[in-house]
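> Those letters in the sequence shown? Residues 943 to 1249, by the numbering used here. Take this structure, written in structure tokens, and hold onto it; I'll ask about it next.
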Amino acid sequence: MPFPANSVFNPGATTVDAETLLLVRVEDLSGISHLLVARSSDGVSNWRFEPRPLISPDPQIHPEETWGCEDARLTWLDARSLWAITYTAYSRRGPLVALALTEDFRSITRIGPVLPPENKDSALFPRQIGGRWAMINRPTPGQGGAGLWLSWSLDLKYWGDHALLLEPRDGPWWDSGKVGLGPPPLETAEGWLIMYHGVHVTPGGPIYRAGLALLDLDDPTLVKRRSSERVLAPTATFERVGDVGQVVFPCGWTADADNDRLNVYYGAADTSVGLVTASIRDVLAYLESCPGPAQVTAGVSTEGVAS
Ligand code: BMA
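Structure below.
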């Protein structure tokens, strides 16, 4: 690392000039987080870090960032020829969703706070749907658990038509209590693929795991499939032990459709970065076997029953 760091985790991911680019969250020795670019030609090894963060808190002009900038998600917006960076600005009144734009990951334009606290785990869809931009986010309401919401915008700055998209389940489920979006939605022939984390609180503390869902391409308010099972869980020592143990927290992925490969980058135990890979075809075939809209909506998703 180019400067002293307590931990490096929860990276956004994309591809730039045929290289994998991660925007990693670096928690400094005071506890405040910054977002730093790392590049690798194979997406696995020889990571090269920029000397300075791309996004550091700027509390004079952006008081909402006073306690740090965390957990970026990166979405290439083809129609605008730039990336949207959604990140958690940690304000003194709680975490909120902030948006910045970049053409090159060398400089950014801050749009600023787009949703008030408490809200986080947000990412844009890569293209407009029905003439509007769409963004998934995760407010924390006073009742009913924290779920995924969908919000809409004509200009990327002003967001509305907020609606609940996917609720946490209940009881012993791996995604009871809280869920939050992982990487940005990925367009596939079957629908928008999303990965989300679920938090199950146990007497030993919370466990963060991740599962999958598929949204309708033309109407992403419709959840077509939702995995009953978690597909990623803390099992290795580096996922079970760290600053916050028992955490896998995916925020970024890159997809190589030609080679049928999905690379998922995730934070492990709020301390380091892990990578898991999968076949996109396998993932979509698995989702086809998962519960359909009726079960998802009723929140009574039963094992392997398609509607
Ligand atoms: C969430 C976020 C993440 C963190 C996770 C586990 O609420 O704050 O940044 O990785 O908790 O501690």
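Where a beta carbon is used, it is the ideal one built from N, C-alpha and C, also for glycine.
(1) Just the Cα atoms here: how many angstroms apart are A1240 and S1231?
(2) Give the DSSP-derived three-state secondary structure of F1191 in the structure shown.
(3) Going by beta carbon distance, what residues of the same chain come within less than 7 angstroms of A942, once the five residues before and after it are set aside?
(4) Whole-angstrom Cβ separation of P1005 and L1038, contact assumed at under 8 angstroms?
(5) Give me the pocket residues for the ligand BMA, defined as CB within less than 6 angstroms of any heavy atom, sorted by chain position.
(6) Leaving out five residues before and five after F1300 in sequence, what residues of the same chain have Cβ atoms less than 6 angstroms from its Cβ?
(7) Can you pull the DSSP bridge partners for W1091?
(8) Distance, Cα to Cα, G1246 vs A1040?
(9) Would you call the segment 968 to 977 in contact with the segment 1017 to 1026, where contact means no fewer than 3 C-beta pairs closer than 8 angstroms?
(10) Buried or exposed: which applies to M943, given that a residue is buried once 16 or more other Cβ atoms fall within 10 Å of its Cβ?
(11) At a cut of 8 angstroms, does the segment 1184 to 1195 reach the segment 1153 to 1161 through at least three beta carbon pairs?
(12) Please work out which residues of its chain come closer than 8 angstroms, Cβ to Cβ, to T957, disregarding the five sequence neighbours upstream and downstream, and give them in chain order.
(13) Taking DSSP as the reference, what is the three-state secondary structure of V1143?
(14) Starting from Y1208, follow the beta strand (DSSP E) in both directions and report where the run begins and ends.
(15) With a threshold of 16 other CB atoms inside 10 Å of the CB of A1021, please say whether the residue is buried or exposed.
(16) Which same chain residues end up closer than 8 angstroms to P946 when comparing Cβ atoms and leaving out the 5 residues on each side of it in sequence?
(17) Helix, strand or coil, according to DSSP, for F945 in the structure here?
(18) Taking a contact to mean a Cβ-Cβ separation below 8 angstroms, would you say A1155 touches R1167 in this structure?
(19) For the beta strand (DSSP E) that contains T1219, what are its first and last residues?
(20) How many Å lie between G1140 and P1235 at the Cα?
(21) Would you give the residue range spanned by the beta strand (DSSP E) that E1060 belongs to?
(22) Out of D1103, V1165, L1057, which one is the CA nearest neighbour of T1082?
(23) Under the DSSP definition of a beta bridge, which residues are partnered with K1120?
(24) Would you tell me roughly how many angstroms separate the C-alpha atoms of A1175 and Y1150, rounded to the nearest one?
(25) Excluding sequence positions up to five away, which residues of its chain have a Cβ less than 6 angstroms from the Cβ of I1136?
(26) Where DSSP assigns a beta bridge to A1175, which residues make up the other side?
(27) State the Cα-Cα distance for the pair G954 and P1110, rounded to the nearest angstrom.
(28) Would you mind reading off the limits of the beta strand (DSSP E) that contains A900?
Let me lay it out:
(1) The sequence position of residue 1240 within the sequence shown is 298, counting from 1. The sequence position of residue 1231 within the sequence shown is 289, counting from 1. Caution applies to A1240, whose pLDDT of 43 falls short of 50 and renders its modelled position unreliable; the value that the coordinates give is listed next. The alpha-carbon atoms of A1240 and S1231 are separated by roughly 18 angstroms.
(2) Counted from its first residue, the sequence shown places residue 1191 at position 249. F1191 falls in the strand class under three-state DSSP.
(3) With the chain represented from 943 up to 1249, any question about residue 942 goes unanswered, as that position is not in the structure.
(4) Position 63 of the sequence shown holds residue 1005. Position 96 of the sequence shown holds residue 1038. Incorrect: roughly 11 angstroms between the Cβ atoms, too far for contact.
(5) Taking a cut-off of 6 angstroms from the heavy atoms of the ligand BMA, the residues with a C-beta inside it are N952, E1012, D1013, Y1150, V1186, V1189, F1191, G1209, D1212.
(6) The chain is shown from 943 up to 1249; residue 1300 falls before or after that span and cannot be answered.
(7) For the purposes of this step, residue 1091 is taken as residue 149 along the sequence shown, with counting starting at 1. Residue pairing of W1091 in beta bridges, as defined by DSSP: N1079, L1106.
(8) Position 304 of the sequence shown, counted from the start, is the residue given in the question as residue 1246. Position 98 of the sequence shown, counted from the start, is the residue given in the question as residue 1040. Per-residue confidence for G1246 stands at a pLDDT of 38, beneath the threshold of 50, marking its modelled position as unreliable; no derived number is given.
(9) No: fewer than three Cβ pairs fall under 8 angstroms.
(10) Taking the first residue of the sequence shown as 1, we reach residue 943 at position 1. Residue environment analysis places M943 among the exposed positions, since fewer than 16 neighbouring C-beta atoms fall within 10 angstroms of its C-beta.
(11) Taking one beta carbon from each stretch, the segment 1184 to 1195 and the segment 1153 to 1161 have fewer than 3 pairs nearer than 8 angstroms; the two do not touch.
(12) Along the sequence shown, read from residue 1 onward, the residue named residue 957 stands at position 15. These residues qualify, in order along the chain: L963, T1196.
(13) If you number the sequence shown from 1, residue 1143 lands on position 201. Note: V1143 maps to strand in three-state DSSP.
(14) To locate residue 1208, count along the sequence shown from 1; it is residue 266. From DSSP, the beta strand (DSSP E) with Y1208 extends over 1203 to 1210.
(15) Residue numbering aside, residue 1021 sits at position 79 when the sequence shown is read from its first letter. Counting Cβ neighbours within 10 Å, A1021 comes out exposed, since fewer than 16 surround it.
(16) Residue 946 sits at position 4 when you count from the first residue of the sequence shown. Excluding sequence neighbours, P946 sits near D970, L971.
(17) Within the sequence shown, residue 945 is the residue found at index 3, counting from 1. Note: F945 maps to coil in three-state DSSP.
(18) Residue numbering aside, residue 1155 sits at position 213 when the sequence shown is read from its first letter. Residue numbering aside, residue 1167 sits at position 225 when the sequence shown is read from its first letter. With contacts defined as CB atoms closer than 8 angstroms, A1155 and R1167 qualify as a contacting pair.
(19) Counting from 1 along the sequence shown, the entry for residue 1219 is found at position 277. Element bounds for T1219: 1214 to 1220.
(20) Counted from its first residue, the sequence shown places residue 1140 at position 198. Counted from its first residue, the sequence shown places residue 1235 at position 293. Taking the straight line joining both Cα atoms gives about 19 angstroms.
(21) Counting from one through the sequence shown, the residue named residue 1060 turns up at place 118. That residue, E1060, is in no beta strand (DSSP E); it is neither H nor E in DSSP.
(22) On the sequence shown, position 140 is the one that residue 1082 refers to. Minimum Cα-Cα distance from T1082 among the listed residues D1103, V1165, L1057 corresponds to L1057.
(23) As a first step, residue 1120 is located in the sequence shown; it is residue number 178 there, counting from the start. Note: K1120 is bridge-paired with A1088, V1141 in the DSSP secondary-structure output.
(24) Counting from one through the sequence shown, the residue named residue 1175 turns up at place 233. Counting from one through the sequence shown, the residue named residue 1150 turns up at place 208. Taking the straight line from one Cα to the other gives about 7 angstroms.
(25) One-based indexing of the sequence shown puts residue 1136 at position 194. Around I1136: P1127, A1155.
(26) Numbered from 1 along the sequence shown, position 233 holds the residue referred to as residue 1175. Partner(s): none; A1175 has no beta bridge.
(27) Within the sequence shown, residue 954 is the residue found at index 12, counting from 1. Within the sequence shown, residue 1110 is the residue found at index 168, counting from 1. Roughly 23 angstroms between the two C-alpha positions.
(28) Only positions 943 to 1249 of the chain appear in the structure, and residue 900 is not among them; the question remains open.
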